[in-house]
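Before any comments, here is the structure.
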């Protein structure tokens, strides 16, 4: 008797699961028909986004993407931003979503946005799936260099229905960069050192494949650590040996001393060209590392610092 | 008389070895400066006149950056090793060490709190980090031993280590909490906590030397008492050791040494654990010999480890904890296997 019951249950279960399968097929059919109506956009991870209409509610997690959308004038549709989005100031008035070590997926779903714009690094595939399962469109941006930044701007323009503004912004940025590059009279004779973490915590610098490297190239100065990939902890003696003409620090200001003064006062650094000529500059870390429209401002500041105009 | 002669030759031999290691560590660095030039720069520092054919930039590299750093790594290595040896004796516990007992994590927590409340981490400009590390490491030792005593009056090896590990996790969790909630600036703590001796200055070296000399002198004066403890606390009491006082004294000294080391260089694992074990192979368990020789070997070990950090992937530097943990854990397993096989044979 018992056996029979078990068989019956298994039978029922298998029927259900088959029904489930066929249901799913129906669903995907539906999606396919819808796809033809909506305009297709490919995000920077290569995924297609089926946007039916301009989204009214967007959650944007990367500070750079928030900056871009504000610049495009699409800020009204942003309802939530990631933790570190501090520019422009108005962004702080939006709902802030925990993005630190762990993305708060629940919080995003509870806001019920049409689109989530997310960074390639910030999310795991599980979290992407959770968002998609909740019926939210996910757009991934991933900018490693200035060329990527243009793509991100284009993508965000397409999503927010501000394509013209995006094209204008890209053209503007390109013009500004070109102008700066033309104006820069150096020929990579002068050298520059970017300091990301101060001496007391161990020196960290930006090597090649960073925006700082790209800015240095644009302004025709040589990054003394261009032989290193990405971000790296480096020996103090190497900085002395490579003797940079300019030092740019992106360390945060301390309450009682500025990072520039701290560098100028360092023991053993007196003979470095940049120190003896007092060519040490406090750069804005956000501006110099975020792939957004403010890279132009960073380049302009750096140009002013190097060429003194 | 004869014993004195043996002692003197040993002392001479060990100092010679240490000076040799120090020289190697000063000569090898991220920037290539050959032996001859390095020697002339150091000699020039003594006479006050530098030969003119040496590039000027080499002088601060050798004298300002490399030398204080080598000295500092030696001092930190010596401090960690002697405190490890003293603790292992005091607690009759071969696994005792700043990191396993949780004292280092406590000291880290103190330092992080001090940094978070904007005391500066450089020693001389503000003693905040420094004092907080010492304070927290002492409080940690007291708390851990107190808890261990409640749970297991005999203070058995396992209980102490277990509580130490748990305390360590507890302290680290608070440290992470502070780091997470802290401002961007304080995120630097992450870099600091990975452990680095970079940026040492002569002022720090002098301070550390004074502390090490005082603490190690008192510790060594308590060598006999430590021998008694190593057999058992009860035994110490029976042979006439003022157990409470000596214990408190040793604990205080150890926490000063560990606290100072952590505030300078972050947590450096395995040195205090492994070096005393290696030393015992040569000296046997007598603390009168064990403590000073541990110090010397620890100093040499950490100087060499730091040299590898500086040179292996030059110009990139490795956090020193990577090297010490890597070599230390392998050595430790080796020592344990050796000990066990001896046990079975004997």
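Chains as they are written, first to last, in my numbering: chain A, 138 to 446; chain B, 2 to 347. We treat Cβ as the ideally placed atom computed from N, Cα and C, and that holds for glycine. Note that the structure is predicted; figures quoted are calculated from it, not measured.
| Item | Value |
| --- | --- |
| Interface partners of residue 199 of chain B on chain A, CB under 8 Å | 336, 339, 340, 372, 373 |
| Cutoff 8 Å: residue 284 of chain B Cβ touching any chain A Cβ | no |
| With 16 other Cβ atoms within 10 Å as the buried cut-off, status of residue 180 of chain A | buried |
| Under the three-state DSSP convention, the category residue 348 of chain B falls into | The requested residue 348 of chain B is not part of the displayed model; chain B covers only 2 to 347. |
| Neighbour flag for residue 32 of chain B against chain A, beta carbons, 8 Å | yes |
| Environment of residue 315 of chain A [buried if 16+ CB atoms lie within 10 Å] | exposed |
| Chain-ordered neighbours of residue 67 of chain B on chain A, where CB pairs are closer than 8 Å | 374 |
| Presumed contact (8 Å Cβ cut-off) between residue 254 of chain A and residue 195 of chain A, rounded CB distance | 6 Å |
| DSSP bridge partner residues for residue 228 of chain A (one or two, in chain order) | In the DSSP output, where bridge partners are listed per residue, residue 228 of chain A has none listed. |
| CB contact check: residue 337 of chain B to chain A, cutoff 8 Å | no |
| Residue 155 of chain B burial status per 10 Å Cβ neighbour count (16 or more: buried) | exposed |
| Cross-strand partners of residue 366 of chain A (DSSP beta bridge) | A:345 |
| For residue 29 of chain B, the first and last residue of its enclosing alpha helix (DSSP H) | Careful: residue 29 of chain B lies outside any alpha helix (DSSP H) and carries neither H nor E. |
| Start-end ranges of the alpha helix (DSSP H) lying completely within the region 281-325 of chain B, minimum 4 residues | 288-312 |
| Nearest candidate by alpha-carbon position, reference residue 203 of chain B, set B:67, B:26, B:83 | B:67 |
| Completely contained alpha helix (DSSP H) runs for the region 167-244 of chain B, where each covers 4 or more residues | 189-194, 203-222, 224-232, 234-239 |
| Cα-Cα separation between residue 142 of chain B and residue 105 of chain B, rounded to whole angstroms | 10 Å |
| Residue 377 of chain A (DSSP reduced to helix, strand or coil) | helix |
| Supposed close pair residue 429 of chain A, residue 204 of chain A - CB separation, criterion 8 Å | 4 Å |
| Alpha-carbon to alpha-carbon, residue 217 of chain A and residue 224 of chain A | 14 Å |
| Beta carbon proximity, residue 349 of chain B to chain A, threshold 8 Å | Here chain B covers residues 2 to 347 and nothing more, so residue 349 of chain B does not appear. |
| Residues of the region 304-329 of chain B with Cβ closer than 7 Å to any Cβ of chain A, in chain order | 311, 315, 316, 317, 318 |
| Residue 239 of chain B burial status per 10 Å Cβ neighbour count (16 or more: buried) | exposed |
| Proximity of residue 438 of chain A and residue 306 of chain A at Cβ, strictly below 8 Å | no |
| Closest by C-alpha distance to residue 256 of chain A, when choosing among A:285, A:404, A:415 | A:285 |
| Per-residue contacts from residue 241 of chain A into chain B (C-beta, under 9 Å) | Per Cβ cutoff of 9 Å: no residues; residue 241 of chain A is ~14 Å from chain B at best. |
| Residue of A:340, A:239, A:352 minimising C-alpha distance to residue 388 of chain A | A:340 |
| Buried or exposed (CB count within 10 angstroms, at least 16 for buried), residue 341 of chain B | exposed |
| Distance between residue 303 of chain B and residue 237 of chain B (C-alpha atoms, nearest Å) | 33 Å |
| Three-state class that DSSP yields for residue 311 of chain A in the structure shown | helix |
| Proximal residues, the region 196-229 of chain B versus chain A, C-beta separation under 8 Å | 197, 199, 200, 202 |
| At least three beta-carbon pairs within less than 8 Å, the region 245-257 of chain B to the region 69-79 of chain B | no |
| Closer than 8 Å to chain A by CB, residue 52 of chain B | no |
| Contact list for residue 62 of chain B against chain A, beta-carbon separation under 8 Å | 374, 377, 378, 405 |
| Amino acids of chain B, ordered along the chain, whose beta-carbon sits closer than 8 Å to that of residue 360 of chain A | Here the premise fails: no neighbours, minimum Cβ distance about 13 Å. |
| Residue 340 of chain A - DSSP class collapsed to helix/strand/coil | coil |
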